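So for the sequence shown, numbering that gives the first Met the number 0 puts the first residue at 0; every next one is plus one. Cβ coordinates follow ideal geometry from the N, Cα and C atoms, glycine included. Given the structure is predicted, the values throughout are model-derived calculations rather than measurements. Notes to accompany the following structure.
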Amino acid sequence: MADLLKLNDIKTWFSNGQRPYHIFGPCSAESPEQLRKTASEIHQNFKNVVFRAGVWKPRTRPNSFEGVGAEALKWMQEIKQEFGFKIATEVADYQHVESCLKAGVDILWIGARTTVNPFSVQSIADSLKGIDIPVFVKNPINPDLALWIGALERINKAGIDKLGAIHRGFHMTDNGPYRNFPNWNLAIQLKATFPDLPIICDPSHISGKPELIPYIAQKSIDLDMDGLMIETHYNPSVALSDKQQQLTPNQLHNLINNLKPKRKTSSNIDFKTQLDDLREQIDRIDNDIIERLAERMSLAKRIGDNKEKNGITVFQVERWQKILNRTLKNGKALGLNDKFIFDFLNSIHDESIRQQTTDHLSE
């Protein structure tokens, strides 16, 4: 169980204090003109947003545009002064932090490539001691909840209580239609572990293409995430980085206007009664599932004892394939998702193997 984080209220970070919170701006700060034109078009429709832009851009391969560097912080300052936006950028080491603090950057975020490295995160944490500034931590590239939590804890232990997370998706073997697979479950687990931790969704990096961004943005609202970080450029076709996932400010405005807000509660008595009844039914089924799983594991353990006495291998591939094929077929007939059934069965099978081997390994 993770330690509780010491957190401050997110509402004070944003101008109007209303969810969902918005962090908009281009992927990279390319020139003063590009920043100003983009900020101006954002300002036509949004006044209470945080303006974001990458100043240092770690790229997968060299010889790509890797950001202008500290010089671009001056351009960000000008945006802040002219439009009244708070400004945010990514930091990857203590030198970045020092430069941002000197330039009056309002919010920092730690990128996915940095989150994976505890040494880098600790270096940033050390440079933030005694500083009062909001810091967001993006999820690591790979789906590792402990690594994400560890990065948040390191920053929090440095004294940063204005702390948040950014869900930007994960790199999987098969990302499907996405640039980074959403893996919503990990973000939900993080929220369950730290209910007061604000989580912002980054539909741009999850989607990788404009047509998926509205769907991801709406789903994040449906899942009660606290806000959105969306990349927008006055002309994405000429952007020097990630042009394929940026929206124009006008497209962004249409997207936000078409989002359907959701509430946590309702004053409708009939709805609440029905919801409570359905939840009670789910609770009973959950209890039944746990009891049946315990019964199944008890049987698996007895099978393991018999295999041990007769010198039989624990893993029987033919038997496992038969269970898998039968259950996937039945699950599909009942309208259940194949991946869900496959993952569920694998978890049960892993525990069955553990039950059949643990006692013998400890002898």
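Which residue or residues does DSSP assign as beta-bridge partners of residue i?
i, result
"lysine 137", "Ile165"
"histidine 21", "Leu227"
"cysteine 200", "His166 and Leu227"
"threonine 88", "Leu107"
"phenylalanine 180", "Phe169"
"leucine 246", "Thr231"
Taking the alpha-carbon of residue i as reference, which of the options has the nearest alpha-carbon?
i, options, result
"glutamine 315", "Ala52, Thr172, Asp349 and Thr114", "Asp349"
"isoleucine 140", "Asn182, Ile86 and Gly129", "Asn182"
"isoleucine 130", "Ile340, Asp105, Ser119 and Phe82", "Asp105"
"histidine 252", "Thr272, Gly24, Glu294 and Arg262", "Gly24"
"aspartate 92", "Val54, Glu81 and Gly103", "Val54"
"isoleucine 187", "Lys46, Ile148, Ile22 and Lys128", "Ile148"
"glutamine 354", "Met296, Ile322, Leu258 and Ile41", "Met296"
"serine 203", "Ser240, Asp195 and Leu189", "Ser240"
"isoleucine 311", "Leu254, Gly303 and Arg318", "Gly303"
"proline 19", "Asn256, Glu29 and Leu323", "Asn256"
"serine 351", "Ile322, Leu335, Gln43 and Leu100", "Ile322"
"aspartate 8", "Asp173, Asp160, Phe169 and Phe45", "Asp160"
"isoleucine 22", "Ile41, Glu32, Gln33 and Leu6", "Ile41"
"leucine 327", "Glu317, Leu344 and Arg318", "Leu344"
"lysine 85", "Thr11, Ser346, Glu65 and Lys261", "Thr11"
"valine 48", "Ile78, Pro61, Pro57 and Glu70", "Ile78"
"proline 209", "Ser219, Asn234 and Leu246", "Leu246"
"proline 176", "Gly207, Leu333 and Gln243", "Gly207"
"phenylalanine 64", "Phe45, Trp319 and Lys242", "Lys242"
"glutamine 250", "Thr88, Asn234 and Ala293", "Asn234"
"aspartate 173", "Lys338, Ile347 and Lys5", "Lys338"
"leucine 6", "Asn329, Phe193, Trp319 and Pro61", "Phe193"
"leucine 258", "Gln280, Lys218 and Asp276", "Lys218"
"alanine 69", "Gln280, Ser266, Phe82 and Thr88", "Thr88"
"glutamine 320", "Lys331, Ala332 and Phe341", "Phe341"
"phenylalanine 45", "Gln33, Val120, Gly66 and Leu254", "Leu254"
For the putative contact between residue i and residue j, defined by C-beta atoms under 8 Å, what is the C-beta separation to the nearest angstrom?
i, j, result
"threonine 363", "leucine 146", "The chain is shown only over 0 to 362; residue 363 falls outside these bounds and no answer can be derived."
"threonine 357", "valine 313", "Contact flag wrong, Cβ pair sits at about 11 Å."
"threonine 272", "proline 248", "45 Å between Cβ atoms; not a contact."
"lysine 128", "glycine 158", "6 Å"
"proline 142", "leucine 189", "So it is not a contact: roughly 11 Å between Cβ atoms."
"lysine 56", "serine 30", "About 14 Å separates the two Cβ atoms, so there is no contact after all."
"arginine 291", "glutamine 244", "Not confirmed; about 45 Å, so no contact."
"isoleucine 220", "proline 260", "7 Å"
Less than 7 Å between CB atoms is the rule here; does residue i satisfy it with respect to chain D?
i, result
"leucine 34", "Within the model displayed, chain D is absent; a lone protein chain is all it includes."
Is residue i near the ligand ATP, in the sense that its beta carbon is under 6 Å from a heavy atom of that ligand?
i, result
"proline 142", "Among the components modelled here there is no ligand, and therefore nothing to report on the ligand ATP."
Within 8 Å, do at least three Cβ pairs link the stretch 127-136 to the stretch 156-165? yes
Give the list of continuous alpha helix (DSSP H) stretches no shorter than 4 residues that lie fully inside the stretch 262-327. 268-308
Is the stretch 152-161 close to the stretch 121-131, with three or more CB pairs under 8 Å? yes
Inter-stretch contact at 8 Å, needing at least 3 Cβ pairs: the stretch 190-203 / the stretch 219-231: With a cut-off of 8 Å on Cβ pairs, the stretch 190-203 is in contact with the stretch 219-231, counting three or more such pairs.
Quick test of the definition: if touching needs 3 or more C-beta pairs under 8 Å, does the stretch 69-77 touch the stretch 106-122? no
Tell me whether the stretch 33-47 and the stretch 205-216 touch, counting them as touching only if at least three CB pairs, one residue from each stretch, are closer than 8 Å. no
Runs of 4 residues minimum, wholly inside the stretch 20-74: which ones carry the alpha helix (DSSP H) assignment? 31-42
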